[in-house]
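**Student:**
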Amino acid sequence: MTEVSEIPLHMRRAQFDPISELGEIRDGAGVCPVVTPFGVPAHLVSRYDDVREVLSDSARFSTADRRALTPPDATELTEQEYARARVGNLLSYDPPEHTRLRRMLTPEFTMRRMRALEPRIVEIVDAALDDVERAGKPADLVSTFALPVPSLVICELLGVPYADRADFQRRTVDQLDASHPPQRRLALQQASRAYMATLVARARRDPGEDILGLLVREHGEDISAEELVGIASLLLLAGHETTANMLGLGTLALLRHPDQLARVRDDPASVEPAVEELLRWLSIVHTGIPRTATTEVTIAGSTIAAGEHVVLALPGANRDPALVDDPDRLDITREPTGHVAFGHGLHHCLGAPLARLELRIAYPALLRRFPGLALAVPYEQIAFRPYSVIHGLQALPVTW
Amino acid sequence: MRIVAERDRCIGAGNCVMTAPEVFDQDDDGLVAPLVDEADPVDPASLAAARRAVERCPATALRAVED
Chain A
856 MTEVSEIPLH MRRAQFDPIS ELGEIRDGAG VCPVVTPFGV PAHLVSRYDD
906 VREVLSDSAR FSTADRRALT PPDATELTEQ EYARARVGNL LSYDPPEHTR
956 LRRMLTPEFT MRRMRALEPR IVEIVDAALD DVERAGKPAD LVSTFALPVP
1006 SLVICELLGV PYADRADFQR RTVDQLDASH PPQRRLALQQ ASRAYMATLV
1056 ARARRDPGED ILGLLVREHG EDISAEELVG IASLLLLAGH ETTANMLGLG
1106 TLALLRHPDQ LARVRDDPAS VEPAVEELLR WLSIVHTGIP RTATTEVTIA
1156 GSTIAAGEHV VLALPGANRD PALVDDPDRL DITREPTGHV AFGHGLHHCL
1206 GAPLARLELR IAYPALLRRF PGLALAVPYE QIAFRPYSVI HGLQALPVTW
Chain B
47 MRIVAERDRC IGAGNCVMTA PEVFDQDDDG LVAPLVDEAD PVDPASLAAA
97 RRAVERCPAT ALRAVED
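Chains as they are written, first to last, in this note's numbering: chain A, 856 to 1255; chain B, 47 to 113.
1. Need the endpoints of the beta strand (DSSP E) that Arg1146(A) sits in, please.
2. With which residues is Ser875(A) paired in a DSSP beta bridge?
3. With Leu1090(A) and Leu1013(A) assumed to form a contact (beta carbons below 8 Å), what rounded beta-carbon distance in angstroms separates them?
4. Based on the DSSP secondary-structure assignment, which residues constitute the bridge partners of Leu1230(A)?
5. Tell me the start and end of each unbroken alpha helix (DSSP H) in the segment 1097 to 1161 of chain A that is at least 4 residues and wholly inside, in chain order.
6. Measuring alpha carbon to alpha carbon, tell me which residue in Pro1241(A), Glu1096(A), Thr1188(A) is nearest Met866(A).
7. How long is the line joining the alpha carbons of Ala1217(A) and Val980(A), rounded to whole angstroms?
8. Using a C-beta cutoff of 8 Å, does Pro962(A) count as contacting chain B?
9. Please report the Cβ distance between Arg1025(A) and Glu1127(A), rounded to the nearest whole angstrom; I am assuming they are in contact, meaning their Cβ atoms lie under 8 Å.
10. If the cut is a Cβ gap below 9 Å, which residues of chain B does His1203(A) touch?
11. With which residues is Phe1023(A) paired in a DSSP beta bridge?
12. Should His1199(A) be flagged as near chain B, meaning a C-beta pair shorter than 8 Å?
13. Tell me Asp80(B)'s beta-bridge partners as DSSP assigns them.
14. For Cys56(B), write down the residues that DSSP places opposite it in a beta bridge.
15. Just checking: is the beta-carbon of Ala1207(A) within a distance shorter than 8 Å of some beta-carbon in chain B?
16. Can you grab the Cα-Cα spacing for the pair Leu831(A) / His1095(A), in whole Å?
17. Of the residues that make up the segment 1128 to 1148 of chain A, which ones have a beta carbon closer than 9 Å to any beta carbon in chain B?
18. Residue range of the alpha helix (DSSP H) that Arg922(A) falls in?
19. I'd like to know whether the C-beta of Gly1193(A) is nearer than 8 Å to at least one C-beta of chain B.
20. Kindly indicate the opening and closing residues of the alpha helix (DSSP H) around Ala1056(A).
21. In three-state DSSP terms, what is Arg867(A)?
22. Taking Cβ positions only, does Arg957(A) come closer than 8 Å to chain B?
23. Answer yes or no: does any C-beta atom of chain A fall closer than 8 Å to that of Leu77(B)?
24. Quick check on DSSP: helix, strand or coil for His1246(A)?
25. What are the start and end residues of the beta strand (DSSP E) that includes Ile49(B)?
26. Go ahead and label Ser1034(A) buried or exposed: buried means 16 or more other beta carbons lie within 10 angstroms of its beta carbon, across all protein chains shown.
27. Taking the C-alpha atoms as reference points, what is the distance between Ile1144(A) and Leu81(B)?
28. Which value, in whole angstroms, describes the spacing of the CA atoms of Val1022(A) and Ile862(A)?
29. Since Leu1167(A) is in the beta strand (DSSP E), which residue starts that stretch and which ends it?
30. Between Glu101(B) and chain A, is the shortest Cβ-Cβ distance under 8 Å, so that the two count as touching?
31. Please determine, among Pro1005(A), Ala914(A), Thr930(A), Leu1212(A), the residue with the shortest C-alpha to C-alpha distance to Arg1146(A).
32. What residues match up with Arg109(B) in a beta bridge as DSSP calls it?
33. Within 10 Å of its beta-carbon, does Arg989(A) have 16 or more other beta-carbons around it, so buried, or fewer, so exposed?
34. Quick one: what's got a C-beta closer than 8 Å to Ala1238(A)'s C-beta in the same chain, skipping five residues either side?
35. In angstroms, rounded to a whole number, what distance separates the CA positions of Asn944(A) and Glu1132(A)?
36. Quick one: does Thr1254(A) have its CB under 8 Å from some CB of chain B?
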């Protein structure tokens, strides 16, 4: 277990909130030094305007510099090893390489495609709720609802055959278990990539209607098998734990604000703004991928030298009074804000329309199925995850 | 106010379609396809939403032109 003092400032939470020191830095100097979880020293940028400025300037802030992810004392990967590790991972490319891959994927996440996917997501959510109901109360909503729903949506997206889905789900949950020792985690990651490679091979032979099939049909040999495996792995990584934690943590947030919960349950028009406000207020992604300054820049009066690294405090930006009045209050009746929960700039979350759709379907469906939903243990006993890439809950025991 | 969309900057995040559906659509490639010609003014009823969409475009691909 990592000591709390080692957790970088921007990744520490007091239940739903960023810790107060983050707000003090944002409202004070704006920028402060941190050491990232990779052991790399960086500048932490915390204000809404500054975070947006860094994220929207890929020329001066690169995501392709491997030093941002390499501890100073680590054995350097060879160029070849690094290239292999990142192939297909959009986040680790700058334009024009990034543009090429992103353009291939954007057609899969249009509003129109989301509308086509909607009935399938409704079925997945309803089936998961049937399972919860059948298993009876009390239930852990994280393992019975929050985790399976996005995992099954990804199965749908990637064309995972029905026969493989139970194994796929089990492997995915195991892969996200941060308590595994590094060796085991590496092995699980390799097993996941090996499975993705079988999906890619199948899509090459017989391209279906899923994302891999469409990429193969549309781009043929212009996209390599390694890239397709990298893309599939990124979609799983980026689309599963994020949505799962929004579902778990968002449900808890609503249970703690019963008036707002009732609105989400009873008033369909409240759902879209409620999802945006939960995204802002919870800011479950602490930070995007670290940036590296390509030239000397000044942010909030601090000089950042070329080659130095920058980390963005997304909860700091989303709780900035410059973005919204009374930022620490959850208020689903707000006019939706221009929050940065999905990032900003070229690397803005590709799956944002899908995540929004899943959340808009899942919250009201859950609350309508169980109108008497309540915590099965005292709130004080709910375990927030102390140290993870995505903020969330260990478990959410509920009754109804 | 008129809207100018630079499609080569667009990353297909779909924020504009969500924020101002009367003003923006996406083509099959996921890129922005404004519903209002860039020579024409935006309908006054859609102005506020259109401005929000411009300000929130993650790729800075939209511009509001006040003539």
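Ideal Cβ positions, reconstructed from N, Cα and C, are used throughout, including at glycine.
**Tutor:** With the structure as the only source:
1. 1146 to 1148
2. In DSSP, Ser875(A) forms no bridge with anything.
3. 7 Å
4. Val1253(A)
5. 1113 to 1121, 1126 to 1137
6. Distance check between Met866(A) and each of Pro1241(A), Glu1096(A), Thr1188(A) places Pro1241(A) closest, using alpha-carbon atoms only.
7. 6 Å
8. yes
9. Wrong, their Cβ atoms sit about 34 Å apart, outside the cutoff.
10. Ile57, Ala59, Asn61, Pro104, Ala105
11. Answer is none; Phe1023(A) lacks a bridge partner.
12. For His1199(A), the nearest beta carbon of chain B is closer than 8 Å to its own beta carbon.
13. Sequence check: residue 80(B) is Pro here, not Asp. The partner list for Pro80(B) (beta bridge, DSSP) reads Phe70(B).
14. Its beta-bridge partners do not exist; DSSP assigns none.
15. yes
16. Absent from the structure is residue 831(A), since the part of chain A shown begins at 856 and ends at 1255.
17. none
18. Neither: Arg922(A) is in no alpha helix (DSSP H) and is coded neither H nor E.
19. For Gly1193(A), at least one C-beta of chain B is nearer than 8 Å to its own C-beta.
20. Per DSSP, Ala1056(A) belongs to the alpha helix (DSSP H) from 1037 to 1060.
21. coil
22. yes
23. yes
24. Coil at His1246(A), not helix or strand.
25. 48 to 51
26. exposed
27. 34 Å
28. Residue identity check: residue 1022(A) is Asp in the sequence provided, not Val. When rounded, the distance between both Cα atoms is 33 Å.
29. Boundaries of the beta strand (DSSP E) around Leu1167(A): 1164 to 1167.
30. yes
31. Ala914(A)
32. Val50(B)
33. exposed
34. Leu1248, Gln1249, Ala1250
35. C-alpha separation (whole angstroms): 29 Å.
36. no
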